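In our numbering, the protein residues as written are 8 to 232. The C-beta atom is built at its ideal place from N, Cα and C for all residues, glycine as well. The structure presented is a predicted model; accordingly, all values stated were derived computationally and were not measured. Take a look at the structure below.
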Amino acid sequence: MKTLSPTAKIGAKHALPISALALAVAVIAELIGKKTFDVGIGTLLIFPMVWGLIIGAVLTLQKFKPVSIISQKIAAGFSAIAVLLLVVRLAADIGPHIPELVSAGPALFLQEIGHMLGTIVLALPLAVMLRMGRSTVGATFSIDRESSFAMVSARFGSNSDEYRGVLAMYVFGTIFGAIYISLVTSVVASWGIFDPLAMAMGAGVGSGSMMAASAASIAAVYPDA
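Have a look at this one:
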């Protein structure tokens with residue numbers, strides 16, 4: 008089976024089919040849209056990004072017409088570019104609101120310390136016990152937000168074990184983390200013991216889909232906040 012070296016040039020013959028497939032998956036995911044499920048103990052929110060990942064996983068795992076290794080490598084390269092564009096978009100959205108972040112004071116700073124200590128104290132030892140190797144670096148150096156891709160890709164490259172570590176945690180968080188955090192947020196918000204702003208600050212963990220799912224759960228409980 009043919010493979011691509013990290014320095015190989017990508018032609019239209021290989022790039023166009025996987026690009027068309029990615030576009031089709033994105034369109035289908037958007038058509039499905041955001042779905043809300045009442046599961047008794049809370050509200051479960053699933054966003055188009057999660058549907059897209061699930062569809063992509065099914066297409067990759069199916070045996071009827073397997074996706075070639077070449078196409079998978081091309082898709083990995085494209086995903087790195089797409090995440091960089093997403094980071095730029097997020098930065099553009101955040102920029103005008105920097106004064107609001109500064110006005111939050113030490114609470115926001117302490118939250119970031121918690122993010123760092125959580126990955127170092129909890130995730131890092133577990134990854135070492137599981138013998139994840141160099142993937143440990145990408146999987147545990149942060150809470151795996153979109154910006155983590157840019158940092159790891161620039162330092163180690165998109166074909167490295169470190170990049171695969173951050174990608175694995177991002178995908179896991181996008182699918183399972185979004186489901187988990189939407190349920191937890193919905194339950195905790197219903198207790199009514201935390202300020203909505205404190206809940207919103209706690210929602211800023213993991214991938215963008217995790218943050219969106221958590222924020223939507225908070226908005227459902229505190230519609231006027």
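{"query": "Where does Lys137 sit, in a helix, a strand or coil, going by DSSP?", "result": "According to the sequence provided, residue 137 is Leu. The question's Lys does not apply to it. Looking at Leu137 - three-state DSSP - the assignment turns out to be coil, as it is neither helix nor strand."}
{"query": "Identify the continuous beta strand (DSSP E) that holds Leu51 and give its terminal residues.", "result": "Thr50 to Ile53"}
{"query": "I need the boundaries of the alpha helix (DSSP H) containing Phe156, first residue and last residue.", "result": "Glu153 to Phe163"}
{"query": "Expressed to the nearest angstrom, what Euclidean distance is found between the alpha-carbon atoms of Gln69 and Ser26?", "result": "19 Å"}
{"query": "Which class does Phe179 belong to by DSSP, given the choice of helix, strand or coil?", "result": "helix"}
{"query": "Exposed or buried, Glu37, counting other C-beta atoms within 10 Å across all chains shown (16 or more means buried)?", "result": "exposed"}
{"query": "Starting from Lys20 and walking both ways along the beta strand (DSSP E), at which residues does that stretch end?", "result": "Taken as a continuous stretch (DSSP letters only), Lys20 belongs to no beta strand (DSSP E), being part of the alpha helix (DSSP H) at Ala19 to Ile39."}
{"query": "Is Asp231 helix, strand or coil when you go by DSSP?", "result": "coil"}
{"query": "Please go through the same chain and pick out, in chain order, the residues whose beta-carbon is closer than 6 Å to the beta-carbon of Ser12, but skip the five residues on each side of it.", "result": "Caution is warranted here: a pLDDT of 49 is assigned to Ser12, below 50, making its placement in the model unreliable, and no coordinate value can be reported."}
{"query": "Under the three-state reduction of DSSP, which class applies to Asp168: helix, strand or coil?", "result": "helix"}
{"query": "Considering Cα atoms alone, identify which of Ile76, Gly84 and Leu30 is closest to Ile62.", "result": "Leu30"}
{"query": "Under 8 Å, do Thr147 and Leu124 count as touching if we go by C-beta distance?", "result": "no"}
{"query": "Please list, in chain order, all residues of the same chain as Ser155 whose beta carbon is under 6 Å from its beta carbon, the five residues on each side excluded.", "result": "Ser149 and Val173"}
{"query": "Contact defined as beta carbons within less than 8 Å: I believe Leu52 pairs with Ala220. What is the distance between those atoms, to the nearest angstrom?", "result": "5 Å"}
{"query": "Can you have a look at Thr14 and say buried or exposed, based on whether 16 or more other CB atoms are within 10 angstroms of its CB?", "result": "Note that Thr14 scores a pLDDT of 43, beneath 50, so its modelled location is shaky and nothing firm can be said."}
{"query": "If you follow the beta strand (DSSP E) that Thr43 is in, where does it begin and where does it stop?", "result": "Lys42 to Asp45"}
{"query": "Following the continuous alpha helix (DSSP H) through Gln79, name the residue where it begins and the one where it ends.", "result": "Ile76 to Ile101"}
{"query": "Under DSSP, the alpha helix (DSSP H) around Gly145 begins and ends at which residues?", "result": "Ser142 to Thr147"}
{"query": "From Gly180, Val178 and Ala227, pick the residue whose C-alpha is nearest to that of Gly199; which is it?", "result": "Ala227"}
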